Every structure is written in structure tokens, then in C-alpha cells.
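Numbering (the working numbering), first residue to last: 157 to 447.
Worksheet: one structure, shown below.
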Ligand code: ATP
Ligand code: MG
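Listed below in C-alpha cells is the structure:
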């Protein structure tokens with residue numbers, strides 16, 4: 157396999173240029189079976205590591221997925237995460253904020269979804285929407301906030317937010333969390349095909365929204381916003397993975413690899429039973445065997 161998940165990693169040590177980031181690794185049909193097999197293997201490893209993470213209860217993991225519409229966030233979540241024990245993972249979708257959410261600072265709703273240590277939270281979209289759609293659609297101009305917060309240039313407003321996000325993620329790291337950030341990088345052409353499929357296939361009609369076309373018209377602005385956000389927030393402790401997403405089965409494999417890698421880095425262990433409790437275990441075993 158030519159492209160590895162490490163090639164997709166941005167940790168602040170190199171600049172991310174959206175124009176150079178492939179939306180496809182042009183894998184051949186023959187690679188598909190191999191990718192699927194490796195994804196299956198990763199699912200098993202993920203399940204084992206998640207079990208240890210839960211038992212260990214010392215660290216939590218936030219996995220966040222960002223992408224343009226129809227890049228395959230939902231199906232990636234379905235395929236890759238099916239190896240996890242549902243008791244240890246919660247999935248949260250970040251849609252347009254409610255009035256109550258808008259009345260708080262933008263990190264509030266994300267903070268409410270953080271997992272307890274030992275568990276995993278998967279964010280389908282995330283607080284990064286607050287430096288993407290909010291920037292591209294100029295939503296921040298309409299925020300009900302004091303003048304001192306809004307009376308600045310767009311660059312100033314979002315560089316403040318980038319700083320806040322870096323601090324938030326470092327805060328999480330220092331408090332026992334890992335944050336894995338994935339951008340599913342789908343191409344404009346592939347998105348067109350998938351949106352057409354949502355119209356042509358009745359079972360997919362519910363997924364189509366005319367507003368997706370409006371956002372699509374701002375493609376270049378979105379790509380610039382992604383580039384700025386990724387460069388400003390790719391850090392050693394909270395790296396970004398920019399995954400080519402035109403070939404869904406390849407993207408799934410890469411995402412599964414990123415998840416396995418972060419769990420291996422976290423290196424969770426089953427808690428050791430103290431010597432005194434071992435004697436108790438032996439006594440209990442003897443009682444059960446006597447029955
Ligand atoms: P799909 O990729 O299948 O279309 P989706 O994640 O786009 O799924 P939708 O319900 O279609 O799900 O869209 C959620 C919408 O909410 C997105 O357009 C997103 O940009 C928007 N959104 C999320 N967070 C914010 C925010 N903070 N402010 C404004 N809009 C937001
Ligand atoms: Mg959508």
C-alpha cells in the first residue's frame with residue numbers, strides 16, 4: 157500500500173496545503189479486498205484495546221470527524237466503529253446549534269459531550285464547525301455578543317478561536333484525554349456524484365438537503381477555512397489526519413488505522429489485582445469448584 161496513515165498526519169511540524177492533499181490515493185480494484193481485510197483486522201484490535209481502555213479507566217478518547225457533505229462520515233462511523241463495545245462509546249452529531257447552545261460559548265456543547273475516562277466519544281462534526289461554516293457563511297457577524305468580542309477582522313476573530321481550540325485540546329490532554337482529529341477529504345467531483353445518488357436513490361432522499369448545494373458553491377472558501385483551521389490546530393498532542401475520501405473503502409481502512417494507532421499509543425492496561433485480592437480470588441474459586 158502506497159499511502160499510509162502516517163502520510164496523512166499533521167502534527168504542527170509541517171504545513172498543510174489543501175491543494176496538495178489528495179482526495180484519492182488511486183487504489184486499484186485489487187487493493188479493495190486487501191483494504192477490507194485490514195479494516196476487519198483493525199476492528200478486532202480496536203475492540204480489544206477498547207476493552208482495556210474501559211477496564212483501565214485512566215484515559216478517555218475523543219475522535220472527531222470533519223468533512224464536507226457526503227464525504228462518508230456516517231458510513232465510516234458505521235463500518236469502523238462496529239468493532240467497539242457500544243457500552244464504551246458514545247456518538248454525538250453536531251448540527252446547527254439550538255438557541256440554548258448559541259446562548260453559550262461555542263465549546264460548551266462539546267464540553268458536555270466529553271467522555272468519562274475509560275470511554276470514547278465520537279464527534280460527527282464538532283466545534284471545528286465554529287471555525288468552518290461559521291467563517292464561510294459569516295455567521296459570527298450575527299452573534300449576540302458584546303462589541304469587544306466582535307469588533308475585529310475576520311482573521312483576528314478566527315485566530316482567537318484557533319488559540320482557544322488549541323488551549324481546549326491541550327487542557328484535555330493534560331487531563332487524561334487524547335483527541336484524534338480526522339478530515340475526510342472528498343473531491344468536488346466525487347461529492348457531485350454522491351449528491352446525485354442521494355437524489356436518484358429513493359432510500360437516500362432523506363439525506364439530501366438543498367442547502368448542501370449552497371455550501372458546495374462555497375467550496376473554495378471551505379477549503380481555505382479547512383486549511384487555516386488545520387494548520388492552526390495541528391499539534392503533537394492533537395494531530396490532524398487528512399484522509400483521502402473519494403474511495404470510501406480506502407478511507408475506512410485509513411481511519412481504522414488511525415484509531416488503532418491512537419489506542420496503541422494510549423497503551424491501556426487491565427488493572428492489576430492487588431496481592432491480597434488474589435488470595436480472595438483463589439478462595440472464591442475454591443468455593444465455586446466445591447459446589
Ligand atoms: P451529511 O454529511 O450526511 O449531510 P451532516 O453532518 O451534514 O450529514 P446535516 O444534518 O446534513 O448532517 O447537517 C448538519 C449541519 O449543521 C451542517 O451543515 C453543519 O455545517 C451545520 N452546523 C454544525 N455546527 C454548526 C455551527 N456551530 N453553526 C452553524 N452550523 C453548524
Ligand atoms: Mg448534510
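All C-beta atoms in this analysis are idealised placements derived from N, C-alpha and C, irrespective of residue type, glycine included.
Computed from a predicted model, the values in this text were never measured in an experiment.
Practice task
Go through its chain and collect everything with a Cβ distance to residue 319's Cβ below 7 Å, but skip five positions before and after it.
Solution key: For this step, residue 319 is matched to residue 163 along the chain shown. Nothing meets the Cβ criterion.
Practice task
Say whether chain C places a C-beta atom closer than 8 Å to the C-beta of residue 440.
Solution key: The structure shown contains no chain C; it holds only a single protein chain.
Handout entry: Residue nearest to residue 418 in terms of C-alpha spacing, selected from 338, 355, 261, 380
Key = Mapped onto the chain shown, residue 418 falls at position 262. Measuring from the Cα of residue 418, the nearest candidate turns out to be 338.
Problem - Residues near residue 262 in its chain [Cβ-Cβ closer than 7 Å; skip 5 each side] - result: Looking up residue 262 in the chain shown gives position 106. Non-local beta-carbon contacts of residue 262 in its own chain, meaning distances under 7 Å to residues more than five positions away in sequence, involve 283, 286 in chain order.
Problem - residue 218 and residue 333 closer than 8 Å at C-beta - result: As a working mapping, residue 218 is identified with position 62 in the chain shown. As a working mapping, residue 333 is identified with position 177 in the chain shown. For the 8 Å CB-CB criterion, residue 218 and residue 333 form a contact.
Practice task
May I ask whether a heavy atom of ligand 2 can be found less than 7 Å away from the beta carbon of residue 359?
Solution key: Numbered from its first residue, the chain shown carries residue 359 at position 203. Residue 359 has its CB no nearer than 7 Å to any heavy atom of ligand 2.
Practice task
Quick one: residues in its chain with C-beta nearer than 6 Å to the C-beta of residue 269, no 5 flanking neighbours on either side, listed in chain order?
Solution key: Within the chain shown, the letter at position 113 stands for residue 269. Cβ-Cβ distances below 6 Å link residue 269 to 248, 277 in the same chain, with the five nearest sequence neighbours on each side left out; the list follows chain order.
Problem - Residues near residue 205 in its chain [Cβ-Cβ closer than 6 Å; skip 5 each side] - result: Walking along the chain shown from the start, residue 205 turns up at place 49. Around residue 205: 419.
Exercise for the section: Compare the beta carbon distance of residue 372 and residue 413 with 8 Å and say whether it is the shorter of the two. Expected result: The count along the chain shown starts at 1 and reaches residue 372 at position 216. The count along the chain shown starts at 1 and reaches residue 413 at position 257. Result no, Cβ atoms of residue 372 and residue 413 do not sit closer than 8 Å.
Exercise for the section: Reducing DSSP to helix, strand and coil, say where residue 339 ends up. Expected result: Here residue 339 corresponds to residue number 183 of the chain shown, with the count starting at 1. The three-state secondary structure of residue 339, taken from DSSP, is strand.
Exercise for the section: Kindly confirm or deny that the stretch 163–183 and the stretch 389–403 touch, where touching means at least three C-beta pairs closer than 8 Å. Expected result: Note that the stretch 163–183 touches the stretch 389–403; at least 3 beta-carbon pairs, one per stretch, sit closer than 8 Å.
Exercise for the section: For residue 253, name the three-state secondary structure that DSSP assigns. Expected result: Position 97 of the chain shown, counted from the start, is the residue given in the question as residue 253. Three-state DSSP puts residue 253 in coil, outside helix and strand.
Handout entry: Continuous alpha helix (DSSP H) stretch holding residue 321: start and end
Key = The residue you call residue 321 lines up with position 165 of the chain shown. That run of the alpha helix (DSSP H) goes 310–330.
Problem - Residue burial classification, residue 427 (beta-carbon count within 10 angstroms, cutoff 16) - result: As a first step, residue 427 is located in the chain shown; it is residue number 271 there, counting from the start. Burial check for residue 427: the Cβ neighbour count within 10 Å stays below 16, so the residue is exposed.
Handout entry: Distance between residue 343 and residue 376 (C-alpha atoms, nearest Å)
Key = As a position in the chain shown, residue 376 is number 220, starting the count at 1. As a position in the chain shown, residue 343 is number 187, starting the count at 1. Spanning the alpha carbons of residue 376 and residue 343 requires a straight line of approximately 11 Å.
Problem - Inter-residue spacing [alpha-carbon to alpha-carbon] between residue 384 and residue 290 - result: By one-based count along the chain shown, residue 384 stands at place 228. By one-based count along the chain shown, residue 290 stands at place 134. The alpha-carbon atoms of residue 384 and residue 290 are separated by roughly 14 Å.
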